[in-house]
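First the structure, in the form of structure tokens, and then the observations on it.
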Amino acid sequence: MRVAIIGAGVIGLSTALCIHEQYHGLVPSLEMEVYADRFTPHTTSDGAAGLWQPYLKTFDYLLGHLDSAAAKEMGLFLISGYNLFTQPVPDPSWKNIVLGFRNLTPKELELFPGYSYGWFNTALMLELLGLAWLQESGDPRGQRRRVCPAHRAASLSPQVFAQGADVVINCTGVRAGELQPDPELQPGRGQIIKVLAPWVKHFIITHDIKSGIYNSPYVIPGEFTVLGGIYQHGNWNEENSAQDHKTVWENCCRLLPTLQKAKIVQEWSGLRPARPCVRLERETLRHGHSQAEVIHNYGHGGFGITIHWGCAMAAARLFGTILQEKKLASPPQPRL
Amino acid sequence: MAAPKVAVVGAGVVGLSTALCIAETCPSGSVTVLSDQFSPDTTSDAAAGILIPHTYPGTPIHVQKQWFKETFTYLFAISNSAEASEAGIHLVSGWQVFKNSPKEELPFWSDIVLGFRLMSKAELQKFPQHQFGQAFTTLKCDCPPYLLWLEKRLKAAGVQIYTRKVADLWELHSEYNVVVNCTGIGARQLVGDEKLFPVRGQVLKVHAPWVKNFIRDGDGLTYIYPGIHRVTLGGTREKDNWSLAPDPGTTKDIFDRCCSLEPSLRGAQDIKVKVGLRPSRQHVRLQREVLSQGGVKLPVIHNYGHGAGGFSVHRGTAKEAARLVGECIAALQGSSSRAKL
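Heads up: the sequence lines are chains A and B, in that order. Okay, so the first sequence: first residue is 1 according to full-length UniProt numbering, each after it adds one. Okay, so the second sequence: first residue is 1 according to full-length UniProt numbering, each after it adds one.
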């Protein structure tokens, strides 16, 4: 049973890991290969700040790893911080999933002129750090990784089918449209500034209903502190823009004056794989007499890290269904 | 009388902040700081500098609360300014957890720190050995940065700073009009105060930048305080132990206790050990005394004995000491003008 995963961002790697964990014991012949033209630190995931504002399964999975020795390698840790609003908003659906959710007190709001309402909670950070860990983990005997930096898979069918893959997992993120056209998938361009500001121990995320999500300044500490607040729908430009730099720097320094003394370490632009909803489904592709099963897992927008494990598990469930069908459909046959 | 000359003896957090308050409130005077030790060798440098008050049995609670409030307000303003990183002051959130219910559910300082509330059962799951907890956000003063920043402010205010071992406060009477005694544990010998005793604390300062929240066991013995560059792990409270030498067995014990509160600390790197002698007393000695020999008088303001709570109340006690210095100066100027008649 040969499985090809296309894409080595957080979605590709976690899906590969999840399928391997669940099935390598059941399917001794399971062979997995990861194909990608970009690996960490050059994926979209690498630019992500990595903050987890919750979704169910991923939170439980990550929380379970928090106390382990692996936490440091994963770049996994707890962090507290602020969500700020210019007007009262209803509590989020995830208020009981995170730790210690509460509204901000008047004294706390004094720290953030211009914002009149907010939340405080403790969340999980998965800094991508985690990506290198994902890449290294997994049973070395059962899982091979094919580093194909020169290959851009021009389309889903010829390359991977020629290799004899039975199942293809499509985790190609923002460029999924190159393998199979998808007009619903658009880049949501972001630009960030990474600074050295180790005295900042809290995340700060502002929300502006008018400007839309991710277009309002945010500060997320990690190994470095990430300053952001750009979201440009449909913009494919991966070059840094001086105007966007100015916007991010000025807005974040206004939000947190202590940042004025922070040393800038890196600028980065990335394309969030934005879609009205994540494409997480099966598709059967036929080529001549053979067919391959495809599981799509892309279009996670600005919250890929947040939901990666839940999606990986959903993809693994789809994989399990494929396994069952193959057993039911026919006994093992010699490969053509 | 010429500009009154004030000597502040001691250059820990209490000495430097007191000197700064005096310079700010008594502009007519000239202030000099004298000390045999400076950062990074003061007791303050061993401390984590977290603003969680220690309760002094001998001081009225409303006074302690006032001191803490003044200190918190002062540092809070700096923490949100461009100077914060240089001054070493930053906000930090976390948890104080208890194995047994604390004596009081709400400590006197609960409405001064930010966002104080009791922890929920879900939050306490992170601490399986603890039954009860409090979550809040407070401030931390990192040393040496905070002391170095105070020194910089002092120099900008025209305060002279000299390295000098003062063996007897009286030796200053010919050069200074008022002496302020901020010698911490040194006061035991300097003024013979037998009510002052050391409570030895050993700490580890480690590299573990992923730890962003503080954790303190309510018994005060085990704590994890993340600073700008290092995390302080503690500690011990050894009454009447004068040894400044780090103890390796204690180091291992502190590390193990902290790892049981925060297992990821097993990955901490570059462990440095520090020891400080908390200058402990039933209550802070904050009062005026007039030394006199052969008709010559020397007013002394004592400001020492802050024990485990120095950082938490330093600005409040510095302001009170400065007020007492102002009174002394006024009295001296009053009597000198009477002498002119």
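We put the CB at the ideal spot given by N, CA and C, even for glycine.
Could you please give me the residues that DSSP links to residue i through a beta bridge?
i, result
"Ala292(A)", "Leu285(A)"
"Arg315(B)", "The partner list for Arg315(B) (beta bridge, DSSP) is empty, contrary to what the question assumes."
"Ala268(B)", "Per DSSP, none; premise fails for Ala268(B)."
"Thr206(A)", "Leu84(A)"
"Asn303(B)", "Leu286(B)"
"Pro279(B)", "Pro198(B)"
"Tyr117(A)", "Phe85(A)"
"Val168(A)", "Ala4(A) and Val294(A)"
"Leu291(B)", "Leu298(B)"
In this structure, does DSSP put residue i in helix, strand or coil?
i, result
"Thr42(B)", "coil"
"Gln333(B)", "helix"
"Ile264(A)", "strand"
"Phe108(B)", "coil"
"Gln37(B)", "coil"
"Cys182(B)", "coil"
"Glu33(A)", "strand"
"Glu238(B)", "strand"
"Gln189(B)", "helix"
"His229(B)", "coil"
"Arg152(A)", "For Arg152(A), the predicted model reports a pLDDT of 42, less than 50, meaning its position is unreliable; a value from the coordinates is still stated below. Reduced to three states, the DSSP call for Arg152(A) is coil."
"Arg141(A)", "Low confidence applies here, because Arg141(A) scores a pLDDT of 35, under 50, leaving its location unreliable; read the following figure in that light. In this structure, Arg141(A) counts as coil in the three-state DSSP scheme."
"Phe68(B)", "helix"
"Pro263(B)", "helix"
"Cys26(B)", "coil"
"Thr122(A)", "strand"
"Val113(B)", "coil"
"Thr43(A)", "coil"
"Ala321(B)", "helix"
Alpha carbon to alpha carbon, what distance is there between residue j and residue i?
i, j, result
"Met1(A)", "Leu204(B)", "53 angstroms"
"Cys18(A)", "Val168(A)", "15 angstroms"
"Arg216(B)", "Ala135(B)", "10 angstroms"
"Ala167(B)", "Asp219(B)", "37 angstroms"
"Lys274(B)", "Ser243(B)", "12 angstroms"
"Ser35(B)", "Cys182(B)", "10 angstroms"
"Ala87(B)", "Leu148(B)", "8 angstroms"
"Arg7(A)", "Tyr35(A)", "It is Gly, not Arg, that sits at residue 7(A) in the sequence shown. Spanning the two alpha carbons is a distance of roughly 6 angstroms."
"Arg254(A)", "Thr306(A)", "27 angstroms"
"Trp109(B)", "Asp46(A)", "42 angstroms"
"Ile89(B)", "Ala47(B)", "14 angstroms"
"Thr222(B)", "Asp182(A)", "56 angstroms"
"Thr32(B)", "Cys328(B)", "16 angstroms"
"Asn177(B)", "Gly267(B)", "54 angstroms"
"Val13(B)", "Phe76(B)", "17 angstroms"
"Glu171(B)", "Leu298(B)", "10 angstroms"
"Gly302(A)", "Ala16(A)", "21 angstroms"
"Lys261(A)", "Ala82(B)", "7 angstroms"
"Gln160(B)", "Gln333(B)", "23 angstroms"
Can you check whether the CB of residue j is closer than 9 angstroms to the CB of residue i?
i, j, result
"Gly173(A)", "Ile11(A)", "yes"
"Lys140(B)", "Gly234(B)", "no"
"Pro221(A)", "Ala197(A)", "yes"
"residue 342(A)", "Ile204(A)", "Nothing can be reported for residue 342(A): it is not among the residues displayed for chain A, which extend from 1 to 336."
"Glu238(A)", "Ser211(A)", "no"
"Thr18(B)", "Ala322(B)", "yes"
"Phe120(A)", "Glu110(A)", "no"
"Thr71(B)", "Gly184(B)", "no"
"Cys21(B)", "Arg288(B)", "no"
"Gly305(B)", "Ser44(B)", "no"
"Val300(B)", "Val290(B)", "yes"
"Trp67(B)", "Val313(B)", "yes"
What residues of chain A sit near residue i, judged by a beta carbon separation below 8 angstroms?
i, result
"Ile228(B)", "Pro198 and Trp199"
"Pro209(B)", "Pro198 and Glu223"
"Gly133(B)", "Chain A residues near Gly133(B): none, gap ~10 angstroms exceeds 8 angstroms."
"Ser85(B)", "Ala197, Trp199, Thr258, Lys261 and Ala262"
Given that residue i touches chain B, what residues does it touch there, using C-beta distances under 8 angstroms?
i, result
"Thr44(A)", "Ordered by position in chain B, no residue passes the 8 angstroms Cβ test against Thr44(A), which lies about 23 angstroms from the chain."
"Leu84(A)", "Under the 8 angstroms cutoff, chain B gives no residues; its nearest Cβ is about 14 angstroms from Leu84(A)."
"Ile79(A)", "Lys212 and Asn213"
"Phe319(A)", "The contacting residues do not exist; Phe319(A) stays about 32 angstroms from chain B at best."
"Gly114(A)", "Under the 8 angstroms cutoff, chain B gives no residues; its nearest Cβ is about 14 angstroms from Gly114(A)."
"Arg102(A)", "Gly115 and Arg117"
For a contact meaning CB atoms closer than 7 angstroms, what does residue i contact in chain B?
i, result
"Pro257(A)", "Asn80, Ser81 and Ala82"
Does the CB of residue i have a neighbour CB from chain D at under 9 angstroms?
i, result
"Thr105(A)", "Given the protein chain composition of this structure (A and B), no chain D is represented."
List, in chain order, every chain B residue whose beta-carbon is nearer than 9 angstroms to that of residue i.
i, result
"Glu108(A)", "Leu114, Gly115 and Thr137"
Who are the neighbours of residue i on chain A, taking C-beta pairs under 7 angstroms?
i, result
"His314(B)", "Simply none; closest approach about 20 angstroms."
State yes or no: is the C-beta of residue i nearer than 8 angstroms to some heavy atom of the ligand ADP?
i, result
"Tyr225(B)", "Only the bare structure without any ligand can be found here, which leaves the ligand ADP out of the picture."
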